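First comes the structure, then the notes that go with it.
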Amino acid sequence: MAAPGQDAKLFQRGKIEEFRAELHAAETKDKKFVKRKTVLKKIVANITMGNDMSPLFTDVVQCLGTPLLEIKKMVYLFLVSYGRSKPEQIHLVIPNFLQDCNDRNPLIRALAIRTMSYIPIPVVKDALNENLRHCLKDRDPYVRKTAAICVAKLYAADPRRAEKSGFVEMLRDLMLDSNATVVANAVAALSEIGDRQDGVIFKLNLATANKLLAALPESSEWGQVYILDSLLRYVPERHADAEVMAERIIVQLQHANSAVVLTTIKALLYLMNYMENRRLIDYICKKMGPPLVTLLSSGPEVQYVALRNILLIIQRRPAVLKNDVKVFFCKYNDPIYVKLAKLEIMYRLARAENANEVLAELQEYASEVDIDFVRKAVRSIGRLAIKVEDASDTCIQALLGLIETKVSYVVQEAIIVIKDIFRRYPGKYEGVIPTLCQNLDALDEPEAKAAMIWILGQFANRIDNADELLDDLLYTFLEESNEVQLALLTASVKLFIYKSKSDKSDKAKELVYKVLKWATEEVDNPDLRDRGFMYWRLLAINPTVAGEIVLAEKPPITTDSDRMDRGALDQLLLHTGTLGSIYHKTFIRGATGKALKDSPALNPHSRAALVPVARLQLPPTAVNVSGPGPTESHQLGATEDPVAPPLLDAAVSKPTPPIPTEDSENGDDASDDGAEGADEGRANRDPYANLDGAFGNYLADQPRPMNAGGRQGDDDDLLF
Amino acid sequence: MISAFFIFNQKGEVLISRLYRTDFKRSIADVFRIQVVSNSDVRSPIITLGSTSFFHVRINSLYVVAVTKNNANAALVFEFCYRFINICKSYFGKIDEESVKNNFVLIYELIDEINDFGYPQNSEIDTLKSYITTESIVSTAFAAEESSKITAQATGATSWRRPDVKYKKNEAFVDVVETVNLSMSAKGTVLRADVDGHIQMRAYLSGTPECKFGLNDKLVIDKSQQGGSDAVELDDCRFHQCVRLNDFDATRTISFIPPDGEFELMKYRSTSNVKLPLRVIPTVTEIGTTQVSYTVTVKANFNNKLAATNVVLRIPTPLNTTAVDCQVANGKAKYVPGENVVVWKLPRLQGGQECTLSAAADLTSTTHRQVWARPPIDVDFQVLMFTASGLIVRFLKVFEKSNYSSIKWVRYLTKASGSYQIRF
Numbered sequence: 001m002a003a004p005g006q007d008a009k010l011f012q013r014g015k016i017e018e019f020r021a022e023l024h025a026a027e028t029k030d031k032k033f034v035k036r037k038t039v040l041k042k043i044v045a046n047i048t049m050g051n052d053m054s055p056l057f058t059d060v061v062q063c064l065g066t067p068l069l070e071i072k073k074m075v076y077l078f079l080v081s082y083g084r085s086k087p088e089q090i091h092l093v094i095p096n097f098l099q100d101c102n103d104r105n106p107l108i109r110a111l112a113i114r115t116m117s118y119i120p121i122p123v124v125k126d127a128l129n130e131n132l133r134h135c136l137k138d139r140d141p142y143v144r145k146t147a148a149i150c151v152a153k154l155y156a157a158d159p160r161r162a163e164k165s166g167f168v169e170m171l172r173d174l175m176l177d178s179n180a181t182v183v184a185n186a187v188a189a190l191s192e193i194g195d196r197q198d199g200v201i202f203k204l205n206l207a208t209a210n211k212l213l214a215a216l217p218e219s220s221e222w223g224q225v226y227i228l229d230s231l232l233r234y235v236p237e238r239h240a241d242a243e244v245m246a247e248r249i250i251v252q253l254q255h256a257n258s259a260v261v262l263t264t265i266k267a268l269l270y271l272m273n274y275m276e277n278r279r280l281i282d283y284i285c286k287k288m289g290p291p292l293v294t295l296l297s298s299g300p301e302v303q304y305v306a307l308r309n310i311l312l313i314i315q316r317r318p319a320v321l322k323n324d325v326k327v328f329f330c331k332y333n334d335p336i337y338v339k340l341a342k343l344e345i346m347y348r349l350a351r352a353e354n355a356n357e358v359l360a361e362l363q364e365y366a367s368e369v370d371i372d373f374v375r376k377a378v379r380s381i382g383r384l385a386i387k388v389e390d391a392s393d394t395c396i397q398a399l400l401g402l403i404e405t406k407v408s409y410v411v412q413e414a415i416i417v418i419k420d421i422f423r424r425y426p427g428k429y430e431g432v433i434p435t436l437c438q439n440l441d442a443l444d445e446p447e448a449k450a451a452m453i454w455i456l457g458q459f460a461n462r463i464d465n466a467d468e469l470l471d472d473l474l475y476t477f478l479e480e481s482n483e484v485q486l487a488l489l490t491a492s493v494k495l496f497i498y499k500s501k502s503d504k505s506d507k508a509k510e511l512v513y514k515v516l517k518w519a520t521e522e523v524d525n526p527d528l529r530d531r532g533f534m535y536w537r538l539l540a541i542n543p544t545v546a547g548e549i550v551l552a553e554k555p556p557i558t559t560d561s562d563r564m565d566r567g568a569l570d571q572l573l574l575h576t577g578t579l580g581s582i583y584h585k586t587f588i589r590g591a592t593g594k595a596l597k598d599s600p601a602l603n604p605h606s607r608a609a610l611v612p613v614a615r616l617q618l619p620p621t622a623v624n625v626s627g628p629g630p631t632e633s634h635q636l637g638a639t640e641d642p643v644a645p646p647l648l649d650a651a652v653s654k655p656t657p658p659i660p661t662e663d664s665e666n667g668d669d670a671s672d673d674g675a676e677g678a679d680e681g682r683a684n685r686d687p688y689a690n691l692d693g694a695f696g697n698y699l700a701d702q703p704r705p706m707n708a709g710g711r712q713g714d715d716d717d718l719l720f
Numbered sequence: 001m002i003s004a005f006f007i008f009n010q011k012g013e014v015l016i017s018r019l020y021r022t023d024f025k026r027s028i029a030d031v032f033r034i035q036v037v038s039n040s041d042v043r044s045p046i047i048t049l050g051s052t053s054f055f056h057v058r059i060n061s062l063y064v065v066a067v068t069k070n071n072a073n074a075a076l077v078f079e080f081c082y083r084f085i086n087i088c089k090s091y092f093g094k095i096d097e098e099s100v101k102n103n104f105v106l107i108y109e110l111i112d113e114i115n116d117f118g119y120p121q122n123s124e125i126d127t128l129k130s131y132i133t134t135e136s137i138v139s140t141a142f143a144a145e146e147s148s149k150i151t152a153q154a155t156g157a158t159s160w161r162r163p164d165v166k167y168k169k170n171e172a173f174v175d176v177v178e179t180v181n182l183s184m185s186a187k188g189t190v191l192r193a194d195v196d197g198h199i200q201m202r203a204y205l206s207g208t209p210e211c212k213f214g215l216n217d218k219l220v221i222d223k224s225q226q227g228g229s230d231a232v233e234l235d236d237c238r239f240h241q242c243v244r245l246n247d248f249d250a251t252r253t254i255s256f257i258p259p260d261g262e263f264e265l266m267k268y269r270s271t272s273n274v275k276l277p278l279r280v281i282p283t284v285t286e287i288g289t290t291q292v293s294y295t296v297t298v299k300a301n302f303n304n305k306l307a308a309t310n311v312v313l314r315i316p317t318p319l320n321t322t323a324v325d326c327q328v329a330n331g332k333a334k335y336v337p338g339e340n341v342v343v344w345k346l347p348r349l350q351g352g353q354e355c356t357l358s359a360a361a362d363l364t365s366t367t368h369r370q371v372w373a374r375p376p377i378d379v380d381f382q383v384l385m386f387t388a389s390g391l392i393v394r395f396l397k398v399f400e401k402s403n404y405s406s407i408k409w410v411r412y413l414t415k416a417s418g419s420y421q422i423r424f
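These protein sequence lines map, in sequence, to chains A and B.
UniProt numbering applies: residue 1 is where the first sequence begins, and numbers increase by one.
UniProt numbering applies: residue 1 is where the second sequence begins, and numbers increase by one.
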């Protein structure tokens with residue numbers, strides 16, 4: 001390259017024959033190899049553009065005779081691209097490779113094995129085998145560190161061969177190398193091998209783990225990530241071992257590279273499971289907060305990774321960032337993904353003391369432009385009302401204010417959450433129902449419509465014209481979505497029960513009959529039909545009892561439900577900083593499962609929540625948390641809880657369990673090591689507890705099909 | 001780990017394509033083009049389709065993309081992309097389509113060096129420049145001994161510095177640069193105010209200098225019992241790879257052997273006692289549905305020997321604004337219809353000075369009138385020799401075995417760009 005930045009003109013499409021001719025022409029009279037260099041650059045450009053340059057194989061390989069390093073690198077790049085597709089011609093370059101493997105220059109030796117290991121075909125592998133063995137013991141650390149990664153490449157292509165050649169053992173030896181970079185790459189290679197289903201198991205004992213830690217300060221930042229990551233392969237047998245190790249790595253939290261910081265946090269969170277010293281645990285939690293916040297001044301992409309992780313960390317260790325809600329307030333120009341992630345954290349960190357600040361922010365967001373963000377903000381206001389009782393009055397006011405804006409999606413979202421607020425604080429806010437009713441016509445989304453219909457039915461005794469409103473809504477019954485149909489069915493039954501003794505009973509009776517008939521005869525959906533039949537029979541057998549059942553007192557809802565269970569959290573936190581932590585799923589395709597390993601030092605509470613790694617084979621929804629706010633389909637089902645057979649109680653509706661007696665909000669701090677949510681018990685009792693929705697909520701949503709065997713005709717007789 | 005690395009231009013054309021692993025074909029690039037480049041509403045920097053995840057960072061209308069096939073360390077992948085961008089900037093002065101095309105062969109060399117089989121490797125710019133160069137190197141002439149020095153450095157404990165650096169005049173420049181983030185409510189209360197600071201150093205020092213760096217950090221001052229009302233509380237510090245973290249943890253001393261040339265020594269964050277350099281007092285009234293009147297006052301809240309420069313206020317107007325009549329005594333104000341803002345530029349604002357803009361925006365009547373979201377007023381500015389956190393460099397000591405004397409320079413700058421927001 002004569003001068004930097006002159007190659008753009010070479011970046012254009014060209015024909016194979018032209019390049020071949022140019023290469024031939026360059027064989028004579030090529031001063032300083034400029035011609036060959038130029039052609040090779042054009043070829044590299046065409047490889048980039050996706051043009052198949054492989055027919056030039058033999059011509060390009062000829063260039064290896066030139067002594068220019070730059071040309072060698074380009075030819076090697078060509079070989080990496082096409083070597084695998086030309087196994088019959090690759091022998092042409094083997095002598096060059098072998099020569100380079102024995103070059104005096106360490107950079108050339110490393111380049112040779114690096115390139116060869118990128119071409120995993122038998123001829124090359126044969127040639128590589130002996131040389132790699134030498135290079136793993138090369139006197140130059142640069143060659144050794146390159147060789148370590150070569151083993152991982154070879155293992156990926158041919159695991160059995162790599163094992164037979166003894167390369168894995170040689171890698172283990174390299175973990176004790178005097179050079180930190182070599183150690184780090186050996187660890188990276190072993191980790192990759194250990195993560196394979198068919199790979200050699202890679203575990204660390206205390207002595208090796210300590211050796212790795214000794215290499216930590218001298219490693220490159222990436223090397224530090226590989227080493228810190230490998231600490232999860234060490235299972236502490238004594239509390240003290242975990243504690244000493246945590247103290248050794250905690251300084252890495254001050255590193256400028258966010259990957260080092262997050263991987264350190266991952267290792268610390270892992271080690272904390274094996275600790276006993278309460279004060280040290282508190283100290284570590286305190287130390288983790290500020291670096292996490294600092295990640296928010298990185299680029300938006302890293303911010304996003306940090307935020308998704310923070311969301312997990314604060315659920316498991318609420319002491320971290322407890323008082324930092326302000327730093328999660330959105331900036332107007334944050335990218336949307338950052339805003340949405342911040343919103344969830346704001347909701348989680350909201351408490352009575354900061355509820356007003358949080359609410360003021362949420363109100364601000366509710367007037368922004370991005371529809372998705374606005375909706376989540378509105379929903380968060382409702383969730384805040386449910387979570388923090390002291391703030392519920394102001395939240396309701398805020399929601400009513402938003403309804404007044406008449407912006408369709410804002411109104412709909414507000415109605416959805418107000419429905420939940422009614423259930424959380426029975427008898428407190430029903431005064432706002434008339435305002436809601438005024439907006440009935442604005443609703444066009446099933447979820448909002450269903451919520452409003454639920455309100456109509458539930459409070460039919462307080463809404464004078466409930467029957468008229470419902471009748472209007474019923475006009476389109478057959479065209480409605482399932483969710484709305486179910487809501488209409490239930491609401492009509494409720495209306496009928498309320499009004500059966502009033503002067504409007506005829507109208508109500510007419511309505512309910514109409515709906516039941518549609519539900520059981522016109523609609524194909526089995527859920528709707530079954531529910532129709534169930535109501536029909538209930539009403540037919542004993543309307544009074546039916547009333548008691550349908551209008552039974554509902555368990556108030558809480559926000560406990562949107563916590564993840566402890567076992568799942570512990571497992572997710574082993575993936576801190578990775579894709580899994582972003583999607584909040586431990587099941588990422590192609591990823592190896594990780595689970596806490598039992599040891600005498602394992603904290604009893606962590607042990608109680610242990611999730612065996614085999615669980616990971618469950619469907620991908622195994623651990624899955626929805627955004628702020630429960631999914632309404634659950635809600636709808638939950639209103640029917642009392643009707644459901646008692647047997648199903650355990651599995652029913654994670655999002656809205658009855659208020660547990662002691663695990664409420666205040667329970668947090670009391671719980672041994674501050675973990676949020678202590679549903680280990682339930683998780684253990686019910687093997688499907690963390691399946692959450694894998695079956696489309698069928699269990700939660702629907703009573704069992706009846707065993708009556710009767711056909712529709714029979715049912716007609718039973719009515720009333 | 002990273003399976004493939006790409007650079008795309010805005011049209012979705014591939015400028016660089018390097019497959020580190022055999023689990024993908026080059027055609028995976030087409031998937032990214034369809035899913036991200038030609039999608040106008042990309043809502044995440046990570047797109048996962050089946051078992052394939054695309055991580056992308058946008059810079060100057062380029063997409064820097066890493067593709068993975070397993071549960072990759074997302075933070076590491078993005079840090080790698082950022083590092084790649086920095087290396088390009090250092091090598092070519094900038095990163096854009098032109099510079100990538102002009103240096104594509106060199107970029108291939110670089111990405112093969114800084115990443116092997118998807119694992120990021122040594123990416124210290126100073127070291128890279130010693131053996132990945134733009135000059136032709138003849139293999140045989142490239143002495144083995146010379147290479148051994150390079151490899152020792154690339155894998156060594158101070159991989160960021162060459163040992164043979166020589167300067168006639170030994171100098172070190174320290175720039176303390178603070179970015180103020182402000183979010184002020186319509187009522188004038190501070191919702192959040194914090195400082196993201198970073199200390200940029202340019203070290204032109206011979207040999208292997210051992211540096212010690214001191215700040216008026218509260219923890220240090222409390223320890224040394226010197227008392228001091230000027231102590232600053234830092235919430236968190238993060239350091240360049242060269243700083244010995246163990247020393248910092250034990251004694252709060254910042255000691256290091258600097259890389260040669262420019263680097264970011266540390267980043268810090270401060271949230272207590274943030275001095276806000278500019279105070280903005282907006283009064284915005286909607287008069288009926290046809291007009292909005294503005295009175296915006298900006299006041300420089302610092303020593304009158306200092307001055308804020310390049311002050312730009314961006315004052316939002318409703319979407320249905322037709323014209324804005326602006327009146328200012330200082331600077332220039334102009335309505336920019338494309339962005340729905342009035343841009344008020346003040347080249348210079350002396351400490352203590354106060355300026356006012358008054359404006360009236362005319363609105364067209366619209367049939368469907370939506371409530372105006374009132375985005376915040378955004379202020380950009382720079383103030384030299386001022387730190388919003390109050391941070392001061394107390395000392396920078398350089399020790400080298402040849403015992404040369406060195407000159408040190410310290411500059412302070414506080415600025416805001418896109419993060420100083422006042423709601424109204």
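Beta carbons are placed, not taken as given, at the ideal position from N, Cα and C, and that holds for glycine.
It should be emphasised that the depicted structure is a prediction, and the values quoted were computed from it without experimental measurement.
Hey, does residue i have any beta-carbon neighbour from chain A nearer than 9 Å?
| i | result |
| --- | --- |
| Asp380 (chain B) | no |
| Met201 (chain B) | no |
| Lys267 (chain B) | yes |
| Asp116 (chain B) | yes |
Can you tell me the Cβ-Cβ gap for residue i and residue j, rounded? I've got them flagged as a contact below 8 Å.
| i | j | result |
| --- | --- | --- |
| Val65 (chain B) | Phe54 (chain B) | 6 Å |
| Leu478 (chain A) | Ala519 (chain A) | Leu478 (chain A) to Ala519 (chain A), Cβ: 10 Å. No contact. |
| Ile59 (chain B) | Ile95 (chain B) | 6 Å |
| Leu306 (chain B) | Val328 (chain B) | Incorrect: roughly 22 Å between the Cβ atoms, too far for contact. |
Please state whether DSSP places residue i in a helix, a strand or coil.
| i | result |
| --- | --- |
| Ser90 (chain B) | helix |
| Val200 (chain A) | coil |
Taking just the CA atoms, how far does residue j sit from residue i?
| i | j | result |
| --- | --- | --- |
| Ser500 (chain A) | Gly427 (chain A) | 23 Å |
| Asp230 (chain B) | Gly418 (chain B) | 29 Å |
| Glu480 (chain A) | Asp444 (chain A) | 10 Å |
| Met385 (chain B) | Ala416 (chain B) | 15 Å |
| Leu40 (chain A) | Arg172 (chain A) | 40 Å |
Measure from the C-beta of residue i to each C-beta in chain B and report whether the shortest distance is under 9 Å.
| i | result |
| --- | --- |
| Asn96 (chain A) | no |
| Tyr234 (chain A) | no |
| Thr146 (chain A) | yes |
Cβ-heavy atom distance between residue i and the ligand GTP below 8 Å?
| i | result |
| --- | --- |
| Gly223 (chain A) | As far as ligands go, the structure on display features none, and thus does not contain the ligand GTP. |
Practice item. Specify whether the segment 392-402 of chain A and the segment 371-384 of chain A touch according to this definition: at least 3 beta carbon pairs, one from each stretch, less than 8 Å apart. Key: yes
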